[in-house]
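Report on the following structure.
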Amino acid sequence: MNDLQSDIVESYRLETEFDGNHVRHTRHSPGTRRRVKEEWTVGEALGHGGFSVVHKHLQERTGQLRAVKTIEKSKYPFYSREFLIMAILAKHRSLFVEFLGWFENEDRIYTAMEYFGEGDLRKHLSEPLQEELVGKITKQLIEGLEIMHAQDIAHRDLKPEVSSNFCDDP
Numbered sequence: 001m002n003d004l005q006s007d008i009v010e011s012y013r014l015e016t017e018f019d020g021n022h023v024r025h026t027r028h029s030p031g032t033r034r035r036v037k038e039e040w041t042v043g044e045a046l047g048h049g050g051f052s053v054v055h056k057h058l059q060e061r062t063g064q065l066r067a068v069k070t071i072e073k074s075k076y077p078f079y080s081r082e083f084l085i086m087a088i089l090a091k092h093r094s095l096f097v098e099f100l101g102w103f104e105n106e107d108r109i110y111t112a113m114e115y116f117g118e119g120d121l122r123k124h125l126s127e128p129l130q131e132e133l134v135g136k137i138t139k140q141l142i143e144g145l146e147i148m149h150a151q152d153i154a155h156r157d158l159k160p161e162v163s164s165n166f167c168d169d170p
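The opening residue of the sequence shown carries number 1 in UniProt numbering; numbering runs sequentially from there.
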């Protein structure tokens, strides 16, 4: 990774403190020099993959939800590349899950992302989908892949479990 790419990844780092079932971030308020503290409560597990588990986090003060993927550093050393890809794709919010930032402790790395209450595409495949919705989902997936391929990014794990924002109007 070159210096510019490292700077991009670093700009998404969240200053973090861990306290049991709570995570606290300190952010700089946009347009000011003021520092704002956010406290998040770690909630239920939403799913897991080969290298990670995803939990729901709640910011009790605002009611905001997010999904946070936890990765064991020793099992997946390529997380910096994943953060760079998420940062590159972040400007295409209608096609990709919003990347909210990343944080770490000694053993784990955490990726904070937009939360979708409707779940992933797999949860909606138990019944037939309307043809119009299938068309919208397909169009959105193809547009996302076109953007990724234009950036020389290959997905390598495209499946219903990683397709979430189809519930929004694509």
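For glycine and all other residues, C-beta sits at the position ideal for the given N, C-alpha and C.
- In this structure the segment 112-120 touches the segment 95-104; the number of beta carbon pairs closer than 8 Å is three or more.
- In its chain, beyond the 5 residues on either side, Phe51 have a beta carbon closer than 6 Å to the beta carbon of Tyr76.
- Scanning its chain for C-beta atoms nearer than 6 Å, with the 5 sequence neighbours on each side dropped, one finds around Leu89 the residues Phe96, in chain order.
- In the displayed model, Glu132 falls within a helix according to three-state DSSP.
- Only residues of its own chain outside the window of five on either side were considered, and among them Val54, His55, Lys56, Ala67 have a CB closer than 7 Å to the CB of Leu46, listed in chain order.
- For Gly101, the beta-bridge partners assigned by DSSP are Ala112.
- Secondary structure at Lys91: coil, using DSSP grouped into helix, strand and coil.
- Residue state for Thr138 is assigned as helix, using DSSP reduced to three classes.
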